[in-house]
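Protein chains: 2
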Amino acid sequence: MPSLTSVLGVLDPTSDRAVFRQIADALREAIDKGRFREGDKLPSETELVDHFGVSRMTVRNALSLLQQEGLAVSEHGKGVFVRPRPPVRRLASDRFARRHREQGKAAFTVEAEAAGSRPEVDNLEVKEERPSQDISARLGSPRKVLARRRRYLLDGRPVEFATSYLPLDLARNTPIAQPNPGPGGIYARLEEMGHRLDHFDEEIRARMPSPAEVRTLQLASGVPVIHLVRTAFDAEGRAVEVCDTVMAADAYVLAYQLPAN
Amino acid sequence: MPSLTSVLGVLDPTSDRAVFRQIADALREAIDKGRFREGDKLPSETELVDHFGVSRMTVRNALSLLQQEGLAVSEHGKGVFVRPRPPVRRLASDRFARRHREQGKAAFTVEAEAAGSRPEVDNLEVKEERPSQDISARLGSPRKVLARRRRYLLDGRPVEFATSYLPLDLARNTPIAQPNPGPGGIYARLEEMGHRLDHFDEEIRARMPSPAEVRTLQLASGVPVIHLVRTAFDAEGRAVEVCDTVMAADAYVLAYQLPAN
DNA sequence: GACACGTACTCGTATAGACGAGTGGGCAAG
DNA sequence: CTTGCCCACTCGTCTATACGAGTACGTGTC
Numbered sequence: 002m003p004s005l006t007s008v009l010g011v012l013d014p015t016s017d018r019a020v021f022r023q024i025a026d027a028l029r030e031a032i033d034k035g036r037f038r039e040g041d042k043l044p045s046e047t048e049l050v051d052h053f054g055v056s057r058m059t060v061r062n063a064l065s066l067l068q069q070e071g072l073a074v075s076e077h078g079k080g081v082f083v084r085p086r087p088p089v090r091r092l093a094s095d096r097f098a099r100r101h102r103e104q105g106k107a108a109f110t111v112e113a114e115a116a117g118s119r120p121e122v123d124n125l126e127v128k129e130e131r132p133s134q135d136i137s138a139r140l141g142s143p144r145k146v147l148a149r150r151r152r153y154l155l156d157g158r159p160v161e162f163a164t165s166y167l168p169l170d171l172a173r174n175t176p177i178a179q180p181n182p183g184p185g186g187i188y189a190r191l192e193e194m195g196h197r198l199d200h201f202d203e204e205i206r207a208r209m210p211s212p213a214e215v216r217t218l219q220l221a222s223g224v225p226v227i228h229l230v231r232t233a234f235d236a237e238g239r240a241v242e243v244c245d246t247v248m249a250a251d252a253y254v255l256a257y258q259l260p261a262n
Numbered sequence: 002m003p004s005l006t007s008v009l010g011v012l013d014p015t016s017d018r019a020v021f022r023q024i025a026d027a028l029r030e031a032i033d034k035g036r037f038r039e040g041d042k043l044p045s046e047t048e049l050v051d052h053f054g055v056s057r058m059t060v061r062n063a064l065s066l067l068q069q070e071g072l073a074v075s076e077h078g079k080g081v082f083v084r085p086r087p088p089v090r091r092l093a094s095d096r097f098a099r100r101h102r103e104q105g106k107a108a109f110t111v112e113a114e115a116a117g118s119r120p121e122v123d124n125l126e127v128k129e130e131r132p133s134q135d136i137s138a139r140l141g142s143p144r145k146v147l148a149r150r151r152r153y154l155l156d157g158r159p160v161e162f163a164t165s166y167l168p169l170d171l172a173r174n175t176p177i178a179q180p181n182p183g184p185g186g187i188y189a190r191l192e193e194m195g196h197r198l199d200h201f202d203e204e205i206r207a208r209m210p211s212p213a214e215v216r217t218l219q220l221a222s223g224v225p226v227i228h229l230v231r232t233a234f235d236a237e238g239r240a241v242e243v244c245d246t247v248m249a250a251d252a253y254v255l256a257y258q259l260p261a262n
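Protein chains in written order, with this note's numbering: chain A, 2 to 262; chain B, 2 to 262.
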């Protein structure tokens, strides 16, 4: 195996760049050049201390930088590893087209199985509650809403946490208030109930996760979340559902098609 | 002014939660509750050291956590501040509709001025180059492409860095190869040249920025980027342009409208 | 008043040391 | 062979100290 010097080079003591940044640069470059590949173990803190002749805190600063950048993950007792790129789930903009609703299975399940992954849904919760100000405004200020919460996993890994909100007067005592709303999901039920869906508005933000989100999505540090809020409108222009979704950003690509006219 | 204890509480020595996490929790809670507001200065490291009775490194670990979460920013020589939420630029999915192209000014300029901000474009670069593998595949494998790079700023703050790629056979010796392609931008020129635009495909990812992106977008730590790749197709189904855009995630909300059928 | 300077405060960087805790392999006892 | 333990190695947390560098402000000089 090649010497650390040939892989990482040495420090430039004349540089005004902070030592821990130089070390981070060296590691980043080695990763970019493929000297360390996805899942590979980086040199241990002790090895880096010996190689660069610096204190351990300096090395840890460097490694911490790489983790903030999402390039590396540390595992207690094992080492620091080049962060593997998980398989990406692609969300196409036609995923809510009526033709997809008419089959039966949930969209998430169908797509995941087509991609060769094992889908799971957990943390199911359906309850009535008072809406937050934001949700309330989007739904036309209902006094109470039905909230449907669930978490989606691929091959055991949580990738998405979503909550649907529906005005209570619309959802109470319907299949939508059941844990399993039946084939085609709540959009199919809404249409059966006479709310022909017209269009969806989606708003997309990206940000760093809250500590709670880190827990429920088991996020590595340096992984942002995509926050998507979708509002469903029926043919009369009424907002009939708002779906608030937080996704692990390293697991998703969102795809949209826009007409040019 | 209230005592630090009433704002931040005290440590729980019996807790198994790491001290620096407890300190971060206390600060986070105080921020959430509005005890510290946007732009407010947090207690200095020294004050926190005195208040919690811990060493400075522990306090710095806590503050560093908040910065990674995007909740705080530090300024050398001044202090650590609650990160202000910059005004958000909203990108609607109809922003490339033909009717918007027919006026004249660049979309960015028009929107920014409408929102009361001062728009700027800089770092203009137009050159011919060999496409990367990804760009090449999206454009139908041209040997060379015209690359148009520019950076967008709002009120002096960089918010977006974009590169447009066009097959060279299509763009060479046209207004598109000029630094300023004229009213309506390159999409207007493409249509004048007979490439009637049919639709756009957009792919959206979110991730942490590279060090180079941190520089060009002057990103605070804890701010992800939104990476958007748009491909423009003409009526014959040919990909005539790919636009690769990196946006400061805290400056943008992307909005899309999807039909339900 | 304008300017230079010193000083106190801020965060940034780095060192050295200590102990805790998770992991995995080897070795010895059963 | 299996089980259980120990040990070596890993990263996690925390202390204590030191100096550098950017900022703000007051003070004294011109």
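Glycine included, each C-beta is placed from N, C-alpha and C at the ideal position.
Proximal chain A residues relative to residue i, where beta-carbon distance stays under 8 Å
| i | result |
| --- | --- |
| B:Pro225 | Ala207, Arg208, Met209, Pro225, Ala250 |
CB contact check: residue i to chain A, cutoff 9 Å
| i | result |
| --- | --- |
| B:Pro184 | no |
| B:Ser222 | yes |
| B:Arg144 | no |
Residues that residue i contacts on chain B, provided the C-beta gap is smaller than 7 Å
| i | result |
| --- | --- |
| A:Arg99 | Ala261, Asn262 |
Chain-ordered chain A contacts of residue i [CB-CB under 9 Å]
| i | result |
| --- | --- |
| B:Glu203 | Ser94, Leu255, Ala256, Tyr257, Gln258, Leu259 |
Inter-residue CB distance, residue i and residue j (contact presumed, cutoff 8 Å)
| i | j | result |
| --- | --- | --- |
| B:Phe82 | B:Asp41 | 7 Å |
| B:Ala25 | B:Leu9 | Not confirmed; about 11 Å, so no contact. |
| B:Leu28 | B:Leu12 | Their Cβ separation, rounded to whole angstroms, is 13 Å, which puts B:Leu28 and B:Leu12 out of contact at 8 Å. |
| A:Asp235 | A:Asp202 | Actually they are not in contact, since the Cβ atoms of A:Asp235 and A:Asp202 sit about 13 Å apart, beyond 8 Å. |
| B:Arg90 | B:Ala261 | The pair is not a contact, with the Cβ atoms about 27 Å apart (cut-off 8 Å). |
| B:Glu242 | B:Ser165 | 6 Å |
| A:Lys128 | A:Ala108 | The pair is not a contact, with the Cβ atoms about 23 Å apart (cut-off 8 Å). |
| B:Thr110 | B:Pro159 | So it is not a contact: roughly 15 Å between Cβ atoms. |
| B:Ala240 | B:Leu140 | 5 Å |
| A:Val254 | B:Ile205 | 7 Å |
Contact with chain B by residue i, beta-carbon distance below 9 Å
| i | result |
| --- | --- |
| A:Pro132 | no |
| A:Gln69 | yes |
| A:His200 | yes |
| A:Pro87 | no |
| A:Ser1 | Since the first residue shown for chain A is 2 and the last is 262, residue 1 of chain A is missing from the structure and cannot be characterised. |
| A:Asp26 | yes |
| A:Pro212 | yes |
| A:Met194 | no |
| A:Arg158 | no |
| A:Ser65 | yes |
| A:Ala73 | no |
| A:Ala233 | yes |
| A:Arg151 | no |
| A:Arg36 | no |
| A:Arg29 | yes |
Residue i - containing beta strand (DSSP E), residue span
| i | result |
| --- | --- |
| A:Val122 | 120-130 |
| A:Val146 | 146-155 |
| B:Arg84 | Taken as a continuous stretch (DSSP letters only), B:Arg84 belongs to no beta strand (DSSP E), as it is neither H nor E. |
| A:Arg90 | 90-92 |
Range covered by the alpha helix (DSSP H) that runs through residue i
| i | result |
| --- | --- |
| A:Ala163 | It is not in any alpha helix (DSSP H) - A:Ala163 instead sits in the beta strand (DSSP E) that spans 158-168. |
| B:Ala138 | 134-139 |
| A:Phe109 | 108-115 |
| message | As an exercise, report each continuous beta strand (DSSP E) stretch of at least 3 residues that is fully enclosed by the region 190-258 of chain A, in chain order. | response | 198-208, 226-235, 240-249
| message | Give the list of continuous alpha helix (DSSP H) stretches no shorter than 4 residues that lie fully inside the region 3-79 of chain B. | response | 5-9, 20-33, 46-53, 57-69
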